[in-house]
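Q: Residue numbers (the working numbering): 2 to 494. For every residue, glycine included, the Cβ atom is placed at its ideal position computed from N, Cα and C. As the structure is a prediction and not an experimental result, all values here were calculated from the model.
(1) For residue 468 and residue 381, what's the separation of their Cα atoms in angstroms?
(2) Output the distance between the C-alpha atoms of residue 226 and residue 141, rounded to the nearest integer angstrom.
(3) In terms of residues, what are the limits of the alpha helix (DSSP H) holding residue 464?
(4) Could you compute how far the alpha carbon of residue 75 sits from the alpha carbon of residue 36?
(5) Do residue 261 and residue 410 have their C-beta atoms closer together than 7 Å?
(6) I believe residue 327 touches residue 297 by the beta-carbon criterion, under 8 Å. Please report the beta-carbon distance rounded to the nearest angstrom.
(7) Three-state secondary structure (DSSP) at residue 485?
(8) Could you have a look at residue 115 and say whether DSSP puts it in helix, strand or coil?
(9) Tell whether a beta-carbon distance below 7 Å holds between residue 506 and residue 240.
(10) Please give the ranges of any beta strand (DSSP E) in the segment 155-183, keeping only runs that are unbroken, at least 3 residues long and fully inside the region.
(11) May I ask you to report which of helix, strand or coil DSSP gives residue 330?
(12) Bridge partners for residue 381 per DSSP, in chain order?
(13) Taking the alpha carbon of residue 280 as the reference point, which residue from 344, 446, 122 has its own alpha carbon closest?
(14) Touching or not, the segment 312-321 and the segment 48-55, by the rule of three or more beta carbon pairs under 8 Å?
(15) Where does residue 28 fall in DSSP's three states?
(16) Rounding to the nearest angstrom, what Cα-Cα distance links residue 406 and residue 290 in this structure?
(17) Is the distance from the Cβ of residue 14 to the Cβ of residue 59 below 7 Å?
(18) What does DSSP give as the partner residue(s) for residue 63 in the beta ladder?
(19) Quickly, what does DSSP pair residue 120 with across the bridge? List them, please.
(20) Among 481, 453, 352, which has the Cα closest to the Cα of residue 44?
(21) Helix, strand or coil, according to DSSP, for residue 426 in the structure here?
(22) For residue 1 and residue 439, I'd like the C-alpha separation in whole angstroms.
(23) Residue 395: which of 379, 383, 423, 374 sits nearest, CA to CA?
(24) Which residues does DSSP pair with residue 263 in a beta bridge?
(25) Output the boundary residues of the beta strand (DSSP E) element that contains residue 15.
(26) Provide the residue(s) that pair with residue 129 in DSSP beta bridges, ordered along the chain.
(27) Would the beta-carbon of residue 453 fall within 7 Å of that of residue 428?
(28) State the Cα-Cα distance for the pair residue 10 and residue 92, rounded to the nearest angstrom.
(29) Give me whichever residues DSSP pairs with residue 311 in a beta bridge.
(30) Going by CA-CA distance only, name the one from 258, 275, 259 that's closest to residue 265.
(31) I'd like to confirm the pairing. Which residues does DSSP put opposite residue 250 in its beta bridges?
(32) Which one of 99, 209, 243, 131 has the shortest CA to CA distance from residue 194?
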């Protein structure tokens, strides 16, 4: 295993891949550098003396300015490094990148739906329209497990506290996301469970759902029936009969839509896990598939890299709006735009938002940006898409599922057990986490600094995703975890 890595030839820092003791002599680019203090794993150290106010460069880009003079071999972190970012910026389009070459077809075993969509799971979903019926939904989920047989893989409810006492954008977000889940092809059948007096009632929600198959989607207003449990179980039995007709069939990988997200990142996330996901994204896109990158606040500082990879001027302008709309959202709430990274990120070695964002955007690979989506908007363009959603893990992962992701790839250096409405693959940035949290982590990208090549590792991940798409359960599914969180921005009545 390597001890350290210099990511880009222009960097004036290197990253410790394991704890480095004070006084260790390291050879970097043909030069000996002696550490003048202990360097924790995932953290940076100076490859030469850096003067106060000078740029600190990692990934080949500035990640901030030195707060003070930094000696060669010194630890670089929040104590001596500050962000160089401002607020709203002016951007110009400098097209870069090319179309990926097509590669040979790949296949998985999925569920073909009558409307032309494809699912990677055949589940029955119970969708409450309002938080008031959450407990009824959970009781139904428990009682309906008897329907899990044949090709019906699971009965799941996605509870939430919303659907009433909401205004404007928040109400729209709830309706759009609930409708997106109703229409998601991983659900073989759906029961929409309403109360009756809520703002986002079933009648209102149907306008967002659009056309639907009455055999697939059932509705129940609890206030309209004498015994809602009895009525709901009868509808769920019909759902099970309908969903049970589907069987897995061979499907081209070009039908796959994969969401990409990181959380609990450390100093290795941008070196191992995120680049591996980026290479995976390129593989899938080269086979005609689709990936979605989100968590806009963690693009700040690296946004121009994505803007210049937009396939055309219109997409560039949409990406500018994507970034500035989120910055203005922060400003409307009198919040600092660059209040990031998190305490866990800092402990893992990430010092500034530029440091975090340059690592985060590694997940996008090298493909051109072909689509820019608003929150709750379903993906409609194959290739790499950018999605408006915050960095919060549960909210962003739910947003990816709502936009059509069959599976979410979630990279992490610190570890997390959470799930989302779709299979959520946890990818560790380091082997220590993979070995410690075997009940959480599905795939180890830490092997990238242990003599495994990027080509081999990314292809391993691609094959693993095909297995998950074909029915292999991820660790969160095995644990029975299913989470859902809707983006809340405004007033609660």
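A: In brief:
(1) 24 Å
(2) 15 Å
(3) 455-470
(4) 6 Å
(5) yes
(6) 4 Å
(7) coil
(8) coil
(9) Only positions 2 to 494 of the chain appear in the structure, and residue 506 is not among them; the question remains open.
(10) 155-158
(11) helix
(12) BP columns for residue 381 are empty, so no partner.
(13) 446
(14) no
(15) strand
(16) 11 Å
(17) yes
(18) 58
(19) 112
(20) 352
(21) strand
(22) This structure cannot speak to residue 1, because the chain is shown only from 2 to 494.
(23) 423
(24) 412
(25) 14-17
(26) 194
(27) no
(28) 26 Å
(29) 370
(30) 275
(31) 111
(32) 131
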